[in-house]
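Remarks on the structure that follows.
There are 2 protein chains.
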Amino acid sequence: MLLEETYTYREIHEQPQVLARLLERERPAAQALAAALRQRQVDYVLIAARGTSDNAARYAQYLWGAVNGYVVALATPSLFTIYHAPPRLGNALVVGISQSGKSPDIIAVLAEARRQGALTAVITNAVNSELARQGDFVLDLGAGEERAVAATKTYTAELAAIALLSCCLAEDGTRWEALRAVPDAVAATLSAHADMTQVTRRYYAMRHCVVLGRGYNYGSAFEIALKLKELTYTVVEPYSSADFLHGPLAVIEAGFPVLVVAPSGLTLNELRHLVQMLRERGAEVLAISDDAELLSLAHTPLPLPQPLPEWLSPLTCVLPGQLLAMHLAYARHGNPDQPRGLRKVTETM
Amino acid sequence: MLLEETYTYREIHEQPQVLARLLERERPAAQALAAALRQRQVDYVLIAARGTSDNAARYAQYLWGAVNGYVVALATPSLFTIYHAPPRLGNALVVGISQSGKSPDIIAVLAEARRQGALTAVITNAVNSELARQGDFVLDLGAGEERAVAATKTYTAELAAIALLSCCLAEDGTRWEALRAVPDAVAATLSAHADMTQVTRRYYAMRHCVVLGRGYNYGSAFEIALKLKELTYTVVEPYSSADFLHGPLAVIEAGFPVLVVAPSGLTLNELRHLVQMLRERGAEVLAISDDAELLSLAHTPLPLPQPLPEWLSPLTCVLPGQLLAMHLAYARHGNPDQPRGLRKVTETM
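In order, the protein sequence lines correspond to chains V and A.
For the first sequence, my numbering begins at 15 and goes up steadily by one.
For the second sequence, my numbering begins at 15 and goes up steadily by one.
Take a look at the structure:
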């Protein structure tokens, strides 16, 4: 099978259109949710999500925290399912994020939130799902069916839905204009990395690696790590650069591959120092960035051709990671669509 | 140097006394904090911690959630430090957990909480630290100086402080009695694993592994993984068993080592199914459990000789992991006290 005929390839390349459509269609729904949040004077936000959607939730932690002033907690679904001891949710907004809308544990958290009278919202690609029925408000990803097991277009669509709500809460025209530039930047980034022959060759035999990101791109590190695990079976550990220094740094030895997600912004300075330290220890550095100096420190620079403000950078930063995982998978075992041992919908409790 | 002369060995074996002392001395402080929590009718809890202390915070998420009804959020310190955009904390209890009390980012979160008028508490081994000064209430670990770089006795002391507060909030004599049995169970578990010669031999060359836990022992999986990384430089990934099924399962191939933390309790059934599935895929299974059937499924059973109720099981479940990491480190490079590239206090922003 040609790579271009795989679902993974096609879905990755659908991202610019999916994002443009979402930003156009879902603004009214996001505005209605923003109005409800203001009216209810919600105290904090609780998000229930698993896998890729949980990585999108990490983005919401930073964006809704830094820009909109909300503490965002990530739910521990087993309190609701296995332990049958849900906590008091109080005046929270409870958000479920799930591509399929079918995960029983995420549905259980939202159902309990409704029972307790909390405001609920659902971000999903399945507006007729059981999960969607639990949402007072629903943001429809509208990404079209995702047939590859590893989620790509629904991940960036989830990020866009999260950014859209943030813009509607902030009521700031500049932010809205920046958000509208995202689909073009995504297209430009995919084009810039159309040829990954050399990178694929260099990391063909990679058995393990570490992915580092911080702040807005903490979730990007997790999502790139997850794609590499799902598609290439590499043992990959994601960290915030701060957590990495609290112990895991010890695993680095000469030649150890470290992928750093380091776009321009407030975290760049710290990440530059970290890359310098990693180089001194002989690590093999891959860097996703739009900063020329940072890219020059990497063995494998993965440039971002069309920079976005830091708060939107996760929408492009993840793309070289998606492409790297896909190309490595295709080179190694020929079928990125169907990783061994995985199904599209994972029904956990 | 003899293993018995290392700080790591001595501090691991000090744990029964440290825990007994903490439970005896800190009850009044925990009761005062519990009274303040009830009086303020706190809406939710926010914990700021890094590294080992963050793994203790994961235990608090489940225990304070399931037993005491609080939603527990883990702070994203960079919002307070790098982005200078702290969220509105509202009527939260904000808890800082740090052995040294010196981490600037944790101090920054607590200082902002005070500025906003939130209730604050600090769990630390350094009652005269800058962090302790930010706490309306302080729980003193009283573990004595911890000189090994990898934290062991302060980790279980942090768990005990968290359990102590839970007991004071629950006002349930049965729970208090169960908690008082912990130091003995810890001593019995350490004795049961005094000889790790065979296990050390079997995993001497292990390059990577996965550690799985769920619910109360989600944090145990993270802490065991961190000890293995810090001390033995193995590439180790911790997961909740639910998250593991959402993608990372793909990395498992024949002979891949998986350590499962599976004591008796509500999560045992799910973990038993998972171990059976892992065996079918040819994984090499290590199991920490008091359940005979589960232990019989493992290549390397690591039994818990003195079972505790599930909510206290993290205090013994971590011990075979600490011992395994220490013995592997000693066998591999002779010095568990000073892992390459790490310092005792990591001052991150």
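Positions of the beta carbon are idealized from the N, C-alpha and C atoms, including for glycine.
For residue 251 (chain A), the neighbours in chain V by C-beta distance under 7 Å run, in chain order, 249, 251.
DSSP, read as helix, strand or coil, puts residue 84 (chain A) in strand.
Taking the Cα positions, residue 156 (chain V) is about 35 Å away from residue 59 (chain A). Neighbourhood of residue 64 (chain A) in chain V, by CB distance below 7 Å: 256, 257, 260, in chain order. For residue 57 (chain V), the residues of chain A that pass the 7 Å Cβ criterion are 57, 104, in the order they occur in the chain. Ranking A:304, A:313, A:117 by CA distance to the CA of residue 330 (chain A) puts A:304 first. For residue 134 (chain A), the pairing in a beta bridge is given by DSSP as A:108.
Rounded to whole angstroms, the separation of the alpha carbons of residue 149 (chain A) and residue 143 (chain A) is 11 Å.
With a threshold of 16 other beta carbon atoms within 10 Å, residue 359 (chain A) falls short and is exposed.
DSSP, reduced to helix, strand and coil, places residue 98 (chain A) outside both helices and strands of the structure shown, so it counts as coil.
Under the Cβ criterion of 7 Å, residue 20 (chain V) is not counted among the residues facing chain A. Going by beta carbons, residue 184 (chain V) and residue 265 (chain V) fall outside the 7 Å limit.
Counting along the chain, residue 258 (chain A) sits inside the alpha helix (DSSP H) bounded by residues 255-259. For residue 266 (chain A), there is no enclosing beta strand (DSSP E), since its DSSP letter is neither H nor E. Per DSSP, residue 359 (chain A) is not a residue of any alpha helix (DSSP H), being assigned neither H nor E.
For residue 294 (chain A), there are no neighbours in chain V by C-beta distance under 8 Å, as the nearest C-beta there is about 10 Å away. Nearest CB-CB separation between residue 75 (chain V) and chain A: below the 7 Å threshold. In the structure shown, residue 219 (chain A) adopts coil according to DSSP, grouped into three states. Annotation: the region 324-351 of chain V contains the following complete segments of the alpha helix (DSSP H) (minimum length 4 residues), in chain order: 328-347. As the crow flies, the alpha-carbon of residue 177 (chain A) is around 30 Å from that of residue 76 (chain V). Taken through DSSP and simplified to helix, strand or coil, residue 203 (chain V) comes out as helix. If you draw a straight line from the Cα of residue 295 (chain V) to the Cα of residue 348 (chain A), it is about 21 Å long. Residue 293 (chain A) and residue 263 (chain A) have their alpha carbons spaced roughly 13 Å apart. DSSP links residue 252 (chain V) through a beta bridge to V:225. Per DSSP, reduced to three states, the secondary structure at residue 314 (chain V) is strand.
Excluding its 5 nearest sequence neighbours in each direction, residue 362 (chain V) has C-beta neighbours in its own chain below 6 Å: 119, listed in chain order. Among the CB atoms of chain V, one or more fall inside 7 Å of the CB of residue 84 (chain A). Using a Cβ-Cβ cut-off of 7 Å, residue 222 (chain V) counts as an interface residue toward chain A, since at least one Cβ of chain A sits closer than that to its own.
Within the region 154-183 of chain V, contact with chain A at the beta-carbon level (separation under 8 Å) is assigned to 164. Residue 181 (chain A) and residue 196 (chain A) have their C-alpha atoms spaced approximately 13 Å apart.
Under the 10 Å beta carbon count, residue 198 (chain A) is surrounded by fewer than 16 other beta carbons and is classified as exposed. For residue 186 (chain A), there is no enclosing alpha helix (DSSP H), as DSSP marks it with neither H nor E. By the 16-neighbour rule on beta-carbons within 10 angstroms, residue 231 (chain V) is buried. Under the 7 Å criterion on CB atoms, residue 93 (chain A) is classed as interfacial with respect to chain V.
Between residue 153 (chain V) and residue 107 (chain V) a beta carbon distance of about 13 Å is seen, past the 8 Å cut, so the two are scored as non-contacting. Proximity of chain V to residue 97 (chain A) at the Cβ level (cut-off 7 Å) is accounted for by 80, 229, 280, in chain order.
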